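Single-structure report; data block below.
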């Protein structure tokens with residue numbers, strides 16, 4: 028009741044002083060307009076869309092450590108099966124985690140940043156392989172045969188863009204991934 032009374036009182040005061048009202052409305056319009064313009068420039072320059080198909084539909088799920096209360100950006104493979112079984116809202120659930128690997132091709136060791144990934148990660152992101160194929164569900168098992176998808180940079184830098192690299196064995200060392208699929 029007080030809100031409606033205050034609103035009527037404010038409207039009467041604004042109608043009694045149209046000059047003040049006009050200055051207030053113009054000030055608000057300039058402030059809102061400049062904020063929209065600045066945000067549009069910042070978004071276009073500093074915050075480009077993710078380079079994936081339909082990036083507005085992507086979400087990342089984090090876990091909370093019940094002992095410490097800390098939010099961790101890492102989920103575990105054992106959780107993925109539970110989440111997929113209980114999922115009622117998401118179209119797809121994919122898993123990835125970062126890891127440091129080393130590659131040795133006989134010349135010199137090379138440190139690589141890789142991702143352990145579930146077989147459906149790249150299709151979910153809408154990223155087609157440039158050469159070769161996606162991981163298969165048979166390769167998406169804990170302790171399974173490890174398969175790797177090389178990034179364009181690694182393919183060019185370590186293997187000179189050799190198209191015959193598809194299907195070859197690459198020696199990698201590092202933390203054992205929980206799944207059989209790697210993306211470096």
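Residue numbers (our numbering): 28 to 211. Each residue gets a CB set at the ideal place from its N, CA and C atoms; glycine is no exception. These numbers come from a predicted model, not from an experiment.
Per-residue burial, residue i [other beta carbons within 10 Å of its own, 16 or more giving buried]
i	result
residue 56	exposed
residue 60	exposed
residue 125	exposed
residue 88	exposed
residue 58	exposed
residue 187	exposed
residue 130	buried
residue 33	exposed
residue 162	buried
residue 167	buried
Supposed contact pair residue j and residue i - C-beta distance, whole angstroms, cut 8 Å
i	j	result
residue 139	residue 181	6 Å
residue 157	residue 179	7 Å
residue 145	residue 107	7 Å
residue 193	residue 159	4 Å
residue 154	residue 79	7 Å
Secondary structure of residue i, DSSP reduced to three states
i	result
residue 90	strand
residue 175	strand
residue 196	coil
List in chain order: all unbroken beta strand (DSSP E) runs of 3+ residues lying wholly within the segment 114-151. Fully enclosed beta strand (DSSP E) runs of no fewer than 3 residues occupy 123-131, 136-144 of the segment 114-151, in order along the chain.
Contact the segment 117-126 vs the segment 146-161: 3+ CB pairs below 8 Å: Yes, they touch.
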